[in-house]
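Asker:
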Amino acid sequence: GAGVSQSPSNKVTEKGKDVELRCDPISGHTALYWYRQRLGQGLEFLIYFQGNSAPDKSGLPSDRFSAERTGESVSTLTIQRTQQEDSAVYLCASSPRDRGFDTEAFFGQGTRLTVV
Amino acid sequence: GQNIDQPTEMTATEGAIVQINCTYQTSGFNGLFWYQQHAGEAPTFLSYNVLDGLEEKGRFSSFLSRSKGYSYLLLKELQMKDSASYLCAVSNFNKFYFGSGTKLNVKP
């Protein structure tokens, strides 16, 4: 596709259930990021993938959060045993970092997660 | 740690000029980005500074002083559609660190 695609766009889940969020980056983009944005707040870094290198997981808030990416394609962010505090918009972004460090990130529309 | 500060909210009048400031203290620095985010939408790229000075792109300009850890975004000839949140982000090698964003309200 032309842009970063995320699914689902909205997800309502019960506390304690697991959820899986999907991100399809722009074709050819080697870098992929996940961010969390709580209502009225800025973007909180979660995890970064670059090609086949080990991901940078330093932003994951707890061991309930995990993410995978196969090569330079789709990524999934999984949240286990969801809590109400996990309610937020989860944004995925990709960038063509093979052109250098400082290229802008292109964001998807996000997945709005509501834990009830 | 990473610390990026922006004012929470600003209000300006259509046709006027507004300056949104950003100060940062980060463990590393490659460049500074500004993004625009309309309510309920994804952030979109506005500008990028890697060297000190002013970068101009139409109605939008961005300034950087690396020695002061300071940047600003200048919006001229404000339009109603400029009402949005403006996010300052520091690039540190492989990561972007975002501020909390400044919500700009443009009034007629």
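Here the protein sequences line up with chains X and V, keeping their order. 70 is the number that the numbering used here gives to position 60 of the first sequence; each next residue is one higher, with no gaps. 459 is the number that the numbering used here gives to position 90 of the second sequence; each next residue is one higher, with no gaps. Built from N, CA and C at the ideal position, the CB exists for glycine as well. Bear in mind the structure is a predicted one, so any value in this text is a computation, not a measurement.
Can you round the beta-carbon distance between residue 103(X) and residue 117(X) to whole angstroms, since I take them to be within the 8 Å contact cut?
Answerer: By one-based count along the first sequence, residue 103(X) stands at place 93. By one-based count along the first sequence, residue 117(X) stands at place 107. Their Cβ separation, rounded to whole angstroms, is 5 Å, which keeps residue 103(X) and residue 117(X) in contact under 8 Å.
Asker: Could you pull out every residue in the same chain whose Cβ sits closer than 6 Å to the Cβ of residue 393(V), ignoring the five residues on either side in sequence?
Answerer: In the second sequence, residue 393(V) corresponds to position 24, counting from 1. Only 373, 438 and 459 meet the Cβ criterion.
Asker: Taking the alpha carbon of residue 409(V) as the reference point, which residue from 40(X), 79(X), 19(X) and 57(X) has its own alpha carbon closest?
Answerer: Reading the second sequence from its first residue, position 40 is the one you call residue 409(V). The candidate whose alpha carbon is nearest that of residue 409(V) is 19(X).
Asker: Please list the terminal residues of the continuous beta strand (DSSP E) segment that includes residue 423(V).
Answerer: In the second sequence, counting from the first residue as 1, residue 423(V) sits at position 54. It spans 422 to 426 - the beta strand (DSSP E) in which residue 423(V) sits, taken as one unbroken run.
Asker: Counting only the same chain and skipping the five closest in sequence on each side, list residues whose C-beta sits under 7 Å from that of residue 100(X).
Answerer: Position 90 of the first sequence holds residue 100(X). 31, 44, 46, 87, 120, 121 and 123.
Asker: Okay, do the stretch 464 to 477 of chain V and the stretch 417 to 424 of chain V touch, 3+ Cβ pairs below 8 Å being the bar?
Answerer: Too few Cβ pairs lie closer than 8 Å, so no.
Asker: Residue 82(X): which of 125(X), 22(X) and 33(X) sits nearest, CA to CA?
Answerer: Counting from one through the first sequence, the residue named residue 82(X) turns up at place 72. Residue 33(X) is the option with its Cα nearest to residue 82(X).
Asker: Start and end of the beta strand (DSSP E) containing residue 398(V)?
Answerer: Within the second sequence, the letter at position 29 stands for residue 398(V). Note, residue 398(V): premise wrong, no beta strand (DSSP E); not H, not E.
Asker: Residue 472(V) lies in the beta strand (DSSP E); which residues open and close that run?
Answerer: Looking up residue 472(V) in the second sequence gives position 103. From DSSP, the beta strand (DSSP E) with residue 472(V) extends over 471 to 476.
Asker: Along chain V, which residues have their Cβ under 9 Å away from the Cβ of residue 101(X)?
Answerer: Your numbering for residue 101(X) matches position 91 in the first sequence. Going along chain V in sequence order, the residues near residue 101(X) (Cβ under 9 Å) are 411 and 412.
Asker: Could you tell me whether the Cβ of residue 347(V) comes closer than 7 Å to any Cβ of chain X?
Answerer: The requested residue 347(V) does not occur in the structure, where chain V is confined to residues 370 to 477.
Asker: Could you check what DSSP says for residue 94(X) in three-state terms: helix, strand or coil?
Answerer: In the first sequence, the residue the question calls residue 94(X) occupies position 84. Note: residue 94(X) maps to helix in three-state DSSP.
Asker: In or out: residue 59(X) buried (at least 16 other Cβ within 10 Å) or exposed?
Answerer: Against the first sequence, residue 59(X) aligns to sequence position 49. Counting Cβ neighbours within 10 Å, residue 59(X) comes out buried, since at least 16 surround it.
Asker: Strictly by DSSP, which residues pair up with residue 378(V)?
Answerer: Your numbering for residue 378(V) matches position 9 in the second sequence. Its beta-bridge partners are 472(V).
Asker: What does the Cβ neighbour count give for residue 109(X), buried or exposed, with the cut at 16 atoms within 10 Å?
Answerer: Counted from its first residue, the first sequence places residue 109(X) at position 99. At residue 109(X) the pLDDT is 47, less than 50, meaning the model places this residue with poor confidence and gives no usable figure here.
Asker: Alpha carbon to alpha carbon, what distance is there between residue 92(X) and residue 12(X)?
Answerer: In the first sequence, residue 12(X) corresponds to position 2, counting from 1. In the first sequence, residue 92(X) corresponds to position 82, counting from 1. Computed Cα separation, rounded: 32 Å.
Asker: Give the residues of chain X in contact with residue 470(V), contact being defined as C-beta atoms less than 7 Å apart.
Answerer: For this step, residue 470(V) is matched to residue 101 along the second sequence. Per Cβ cutoff of 7 Å: 52.
Asker: Does the CB of residue 55(X) have a neighbour CB from chain V at under 7 Å?
Answerer: Taking the first residue of the first sequence as 1, we reach residue 55(X) at position 45. True, the Cβ-Cβ gap to chain V drops below 7 Å.
Asker: Is it a yes or a no for the stretch 435 to 449 of chain V touching the stretch 383 to 399 of chain V, going by three-plus beta-carbon pairs under 8 Å?
Answerer: The stretch 435 to 449 of chain V is in contact with the stretch 383 to 399 of chain V.
Asker: In three-state DSSP terms, what is residue 445(V)?
Answerer: For the purposes of this step, residue 445(V) is taken as residue 76 along the second sequence, with counting starting at 1. Looking at residue 445(V) - three-state DSSP - the assignment turns out to be coil, as it is neither helix nor strand.
Asker: Can you give me the C-alpha to C-alpha distance between residue 89(X) and residue 75(X), rounded to a whole angstrom?
Answerer: The residue labelled residue 89(X) in the question sits at position 79 within the first sequence. The residue labelled residue 75(X) in the question sits at position 65 within the first sequence. Whole-angstrom Cα-Cα distance: 5 Å.
Asker: What three-state label does DSSP hand residue 34(X) in the structure shown?
Answerer: On the first sequence, position 24 is the one that residue 34(X) refers to. It is a strand residue.
Asker: In this structure, how does DSSP classify residue 73(X) when only helix, strand and coil are distinguished?
Answerer: Start at 1 with the first residue of the first sequence, and residue 73(X) comes out as number 63. In this structure, residue 73(X) counts as coil in the three-state DSSP scheme.
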